[in-house]
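Visitor: Residue numbers (the numbering used here), protein chains in the order written: chain U, 6 to 275; chain V, 116 to 404. Dumping the structure here so I can ask a few things about it.
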């Protein structure tokens, strides 16, 4: 079940997308997400879809690998779809049974929202799939440096994030191990009933939390031993520098955003 | 009792992380055997042991328990898991209950036994690993490293399995703790006729305790045979980075220097080796005097 988490996983590659400066990819993803919310027409989402598919194609990450991450959010999509199907009452009435009424507007709305959520998830996972966690936090730290002016602890935040990201695979692995050990003792993690199921997870969560604390203590000691003292005066071995491809990247991104806005204000019924 | 038939296992097939961890491995483990499964880190031995009780399903091939495929419909996985106990590496990391006794009861409880029977089995298991009544109500997290590990092994023993698979049970223990744990396993094997598979990368451990050795290398079964016989392949074992037990190495070095020893000496145990050396030295001195 936990194999499906693709968020935060890295897919090694040599493509232009992989090589882009993490700041470009971060702001690109932000802009892409914003564009999804600017859109109010199917044609706009169509453009976003095309844009995303082109990016995926360039990145060389197999589509199958990306869509695997969608399994995890299937339930969320389903719930939102159901809500909009039953709650929106515009357009023509299509089906009516008991207290439920389904309108054509509701169906269109549901499809629109489902598409939007899926694009949102695929778009953000493309970023994490093509950027190593280290580069990602480097990008965040440098990209948000201006916040230092208002004494926002950017470095600490970036460090926390990079540690958290680094620990996702470690803890996942740890969890799998503990899970297997408990399954070897006959534990069943697929129990029916909400409460029984929750209680069934105790043998997994207690050891996992203990191990997380143990690892945190070890790590803080290791950082201390190497004289870590926060971000002040700390230099990078590989400082981030924008290259030409990043300017092209920004150019592409802003033209995409402009097109999205144009579609939004375009007066048409589609 | 347990048979592996052409077992293949591939992790994350068709992704860049694809790894062919186990390649066409076949062997049969008979009831009452003490087998050492040897191999380097990454040799596929840890993947292999997860096949013993169906935690992993072979990508191809099959695993049979008493002649039936453990993934066939007639077999209940729960029963398989109680009959083939697996003690994973650092088993103390799986302890979670508030008291030692309750933790050991976890396995029997999952088997659906009555509360009295759970406790009975848990107490028997704790006794057999050398933890007496004073430990029952302690928190498992208060115990020392070696005690924790023994409590965790008791957690598997309490299901009264027919076979016990242990993945490096001595890892991270001091020499005394190591001898204690392995001595305990040998005792269980001798006294109860338990089938034991000891996964290890220590040749000395294998030589001391196992009757039979299976050597894994890069996912392939390299050697399989009686301990003494496998260790005659010193050169190949050296090549795959495993080497031979220190006693065997001493004798092969002595032989290379022209010392002659009879073929039937016990090179595998420290005691046997010492005896052979003593006889040899006495014999030589006798010759000179």
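A virtual CB, placed ideally from N, CA and C, is assigned to each residue, including glycine. Since we're looking at a predicted model, the values are computed, not measured.
Tell me, please, whether the CB atom of residue 226 of chain V is closer than 8 Å to any CB atom in chain C?
Guide: Protein chains in the displayed structure are U and V, and chain C is not among them.
Visitor: Are any of the Cβ atoms in chain V nearer than 8 Å to that of residue 178 of chain U?
Guide: So no, residue 178 of chain U is outside the interface.
Visitor: Going residue by residue through the region 137-180 of chain V, where are the continuous beta strand (DSSP E) segments of at least 3 residues, counting only ones entirely within it?
Guide: Entirely contained in the region 137-180 of chain V, the beta strand (DSSP E) runs reaching 3 residues are, in chain order, 149-154, 175-180.
Visitor: May I ask which residues mark the beginning and end of the alpha helix (DSSP H) holding residue 251 of chain U?
Guide: Residues 249-270.
Visitor: Distance check for residue 21 of chain U and residue 133 of chain V, CA to CA, integer angstroms please.
Guide: Rounded to the nearest angstrom, the two C-alpha atoms are 24 Å apart.
Visitor: What residues in the region 363-384 of chain V bring their beta carbon closer than 7 Å to a beta carbon of chain U?
Guide: Result list empty, no residue passes.
Visitor: So residue 208 of chain U and residue 192 of chain U are supposed to be a Cβ contact under 8 Å. How far apart are they, rounded?
Guide: Right, the Cβ-Cβ distance comes to about 6 Å (below 8 Å), so this counts as a contact.
Visitor: What is the residue span of the alpha helix (DSSP H) that residue 209 of chain U lies within?
Guide: First-last of the alpha helix (DSSP H) with residue 209 of chain U: 207-230.
Visitor: Closer than 8 Å, CB to CB, is residue 395 of chain V near chain U or not?
Guide: Answer no: the Cβ-Cβ gap between residue 395 of chain V and chain U never drops below 8 Å.
Visitor: Express the C-alpha separation of residue 244 of chain V and residue 269 of chain V in angstroms, rounding to a whole number.
Guide: The alpha-carbon atoms of residue 269 of chain V and residue 244 of chain V are separated by roughly 6 Å.
Visitor: Got a sec? Which residues, its chain only, sit under 6 Å from residue 163 of chain V by beta carbon, not counting five neighbours each side?
Guide: Within the same chain, residue 163 of chain V has close Cβ partners 137.
Visitor: Taking residue 216 of chain U as the query, report the chain V residues whose CB atoms sit under 8 Å from its CB, ordered along the chain.
Guide: Neighbours of residue 216 of chain U on chain V, chain order: 208.
Visitor: Smallest Cα separation from residue 248 of chain U: which of U/16, U/17, U/26?
Guide: Nearest of U/16, U/17, U/26 to residue 248 of chain U, Cα basis: U/26.
Visitor: Please report how far the alpha carbon of residue 239 of chain V lies from the alpha carbon of residue 294 of chain V, in whole angstroms.
Guide: Each residue's Cα considered, the two are about 22 Å apart.
Visitor: Is there a Cβ of chain V sitting closer than 8 Å to that of residue 238 of chain U, yes or no?
Guide: It does not; no Cβ of chain V falls within 8 Å.
Visitor: Are any of the Cβ atoms in chain V nearer than 8 Å to that of residue 51 of chain U?
Guide: So no, residue 51 of chain U is outside the interface.
Visitor: Along chain U, in chain order, which residues have C-beta atoms closer than 8 Å to that of residue 170 of chain V?
Guide: Chain U residues near residue 170 of chain V: 185, 188, 189.
Visitor: Taking just the CA atoms, how far does residue 241 of chain V sit from residue 247 of chain V?
Guide: Taking the straight line from one Cα to the other gives about 7 Å.
Visitor: Put residue 125 of chain V into one of helix, strand or coil per three-state DSSP.
Guide: In this structure, residue 125 of chain V counts as strand in the three-state DSSP scheme.
Visitor: Are there three or more Cβ pairs, one per stretch, closer than 8 Å when the region 152-162 of chain U is compared with the region 28-44 of chain U?
Guide: The region 152-162 of chain U vs the region 28-44 of chain U: no contact.
Visitor: Quick one: what's got a C-beta closer than 8 Å to residue 168 of chain U's C-beta in the same chain, skipping five residues either side?
Guide: These residues qualify, in order along the chain: 224.
Visitor: Could you say which of V/259, V/255, V/330, V/383 lies nearest to residue 157 of chain V if we only look at CA atoms?
Guide: Of V/259, V/255, V/330, V/383, the residue nearest in Cα terms is V/330.
Visitor: Using three-state DSSP, classify residue 324 of chain V as helix, strand or coil.
Guide: In the structure shown, residue 324 of chain V sits in a helix (DSSP, three-state: H, G or I).
Visitor: Applying the criterion that 16 or more other CB atoms from any shown protein chain within 10 Å of the CB defines a buried residue, is residue 166 of chain V buried or exposed?
Guide: Residue 166 of chain V comes out buried.
Visitor: Using a Cβ-Cβ cutoff of less than 6 Å, which residues in the same chain neighbour residue 335 of chain V once the five nearest sequence positions on both sides are dropped?
Guide: Around residue 335 of chain V: 138.
Visitor: Kindly indicate which three-state DSSP category residue 134 of chain V falls into: helix, strand or coil?
Guide: Three-state result, residue 134 of chain V: strand.
Visitor: Let's see if you can read the secondary structure: which residues bound the beta strand (DSSP E) around residue 100 of chain U?
Guide: Residues 98-102.
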